Amino acid sequence: MDARGGDTLLEGKAVVVTGAGRGLGEAFAVHAARAGAAVVVNDVDADLAEATAANIRHHGGRAVASGHDVRDPEHAEDLVGLCTTSFGAIDGLVNNAAVNHEALPWEDDVARVRTLVETNVLGVLYTGMAAARSMVDAGRGGSIVNISSGASLGQRKLGAYAASKGAVASLTYSWALDMEEAGIRVNAVCPLAHTRMVWTSERALRGCPPDRTPSRIAPVVLYLLGDGSAGITGQLVRCNGPQLHIVGQPYLKAPILEREVWDTDGVHRAFEEVFGAHLEPYGLEKRVPPRLRKWISAAGA
Ligand SMILES: NC(=O)c1ccc[n+]([C@@H]2O[C@H](COP(=O)([O-])OP(=O)(O)OC[C@H]3O[C@@H](n4cnc5c(N)ncnc54)[C@H](O)[C@@H]3O)[C@@H](O)[C@H]2O)c1
Numbered sequence: 566m567d568a569r570g571g572d573t574l575l576e577g578k579a580v581v582v583t584g585a586g587r588g589l590g591e592a593f594a595v596h597a598a599r600a601g602a603a604v605v606v607n608d609v610d611a612d613l614a615e616a617t618a619a620n621i622r623h624h625g626g627r628a629v630a631s632g633h634d635v636r637d638p639e640h641a642e643d644l645v646g647l648c649t650t651s652f653g654a655i656d657g658l659v660n661n662a663a664v665n666h667e668a669l670p671w672e673d674d675v676a677r678v679r680t681l682v683e684t685n686v687l688g689v690l691y692t693g694m695a696a697a698r699s700m701v702d703a704g705r706g707g708s709i710v711n712i713s714s715g716a717s718l719g720q721r722k723l724g725a726y727a728a729s730k731g732a733v734a735s736l737t738y739s740w741a742l743d744m745e746e747a748g749i750r751v752n753a754v755c756p757l758a759h760t761r762m763v764w765t766s767e768r769a770l771r772g773c774p775p776d777r778t779p780s781r782i783a784p785v786v787l788y789l790l791g792d793g794s795a796g797i798t799g800q801l802v803r804c805n806g807p808q809l810h811i812v813g814q815p816y817l818k819a820p821i822l823e824r825e826v827w828d829t830d831g832v833h834r835a836f837e838e839v840f841g842a843h844l845e846p847y848g849l850e851k852r853v854p855p856r857l858r859k860w861i862s863a864a865g866a
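With this note's numbering applied, the sequence shown covers 566 to 866.
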């Protein structure tokens, strides 16, 4: 513990948190500062970013605000530049900024989908690429924490959002492979917390008990940013109230059948004779495919 009332987990580190004007990002920024980090508080809503940064400074922490828009690659570059000019380097990045909406695929709006993908996928790519460039140049490693979601496993009415968060998961695995040699770790966190994102969805609100505050997720992010998690990379970690667990990764499932060439008849027989018993329950709700249902419900017997 020190004068800020925090610990020293991130002492001497400079960290960028995107979308930190409210919600989870605000909690990550405030807790990182309390743990000793100098923080760039980014949010496209610049007033909110400044309010979070001012709050951190008021409590004795180090913070600067950024109103950069992560959808713009030049803004992403400047955001990382702000961290290096203000604090000398960038040691950590929390890729948190995102937007969300619910829609059935045939009712979704093209412009809204584009904005979502630009924010949730390209924003993470642009900011991560800029941060990685700076970290590799500085040669002192680093930690990137991408904020994904349990929705990446598939959820009704959340196709575009789920896909964007699945992209964040794939990016995490790929970048962890790319960056290990440079000493940069890349992990992802799937949170659940009361924020604007949850308040705007009746269904999400039903699934989010009132005690799920953003502050409850911050220790997971801080752990992954800190040196105590050395050797941990390429992981997707989910925190949902009292539950903390690793999210399993997609894999190539046995049996893997072999034919010189697969024709339609061969594929048909593969499903009839082999894969019928290996179909996967799908989506976060683990829905059993219709073909398998008759075998596991008494009604289908
Ligand atoms: N709240 C949950 O239960 C939950 C669950 C799973 C995943 N998540 C993820 O957690 C992260 C934080 O979400 P939240 O719930 O705090 O949402 P939120 O809407 O409260 O906060 C998101 C912040 O990102 C900012 N932002 C949006 N677009 C931006 C841009 N282009 N550039 C910079 N900032 C931008 C917004 O202004 C906002 O302040 C997101 O990645 C979200 O997908 C949240």
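Where is the CB? At the ideal position from N, CA and C, for every residue including glycine. For clarity, every value in this text was computed on a predicted model and none was experimentally measured.
Exposed unless 16 or more other CB atoms sit within 10 angstroms - verdict on Arg852: exposed
For the 8 Å Cβ check, are there 3 or more pairs between the segment 621 to 632 and the segment 585 to 598? yes
Classify Ala783 as buried or exposed, calling it buried when 16 or more other Cβ atoms lie within 10 Å of its own Cβ. buried
Residue from Ala734, Gly841, Gly793, Asn711 whose Cα sits closest to the Cα of Leu575: Gly793
What are the start and end residues of the alpha helix (DSSP H) that includes Asn661? Note, Asn661: premise wrong, no alpha helix (DSSP H); not H, not E.
Regarding Met694 and ligand 1, is the C-beta to nearest heavy atom distance less than 7 Å? no
Beta-carbon within less than 8 Å of Ala753's beta-carbon, same chain only, minus the 5 sequence neighbours each way: which residues are those? Val710, Asn711, Ile712, Ser713, Val733, Ala734, Thr737, Gln800, Leu801, Val802
Give a yes or no on whether the C-beta atoms belonging to Ile655 and Ala585 are separated by under 8 Å. no
Please state whether DSSP places Gly707 in a helix, a strand or coil. strand
Based on DSSP bridge pairs, tell me the residues matched to Val751. Ile709
Rounded C-beta distance between Thr583 and Thr692? I'm assuming under 8 Å. 6 Å
Quick check: what's the CA-CA separation for Leu690 versus Leu857? Those two C-alpha atoms are separated by around 38 Å.
Of the residues Ala741, Val675, Pro638, Ala592, which one's Cα is nearest the Cα of Leu757? Ala592
In this structure, how does DSSP classify Arg768 when only helix, strand and coil are distinguished? helix
Pick from Gly715, Asp674, Ala619: whose alpha carbon is nearest that of Gly772? If we check each option's Cα against that of Gly772, Gly715 comes out closest.
Relative to the alpha-carbon of Ala602, which residue among Thr573, Ile861, Ala819 has its alpha-carbon at the smallest distance? Thr573
DSSP three-state label for Cys804, please. strand
Rounded to whole angstroms, what's the CA-CA distance from Trp827 to Trp860? Just pull it up for me. 28 Å
Looking at the structure shown, is Ala727 part of a helix, part of a strand, or coil, going by DSSP? helix
Take Lys730 and list the residues in its own chain whose beta-carbon comes closer than 6 Å to its own, dropping the five residues that flank it on each side. Excluding positions up to five away in sequence, the list reads Ser713, Ser714, Ala716, Ser717.
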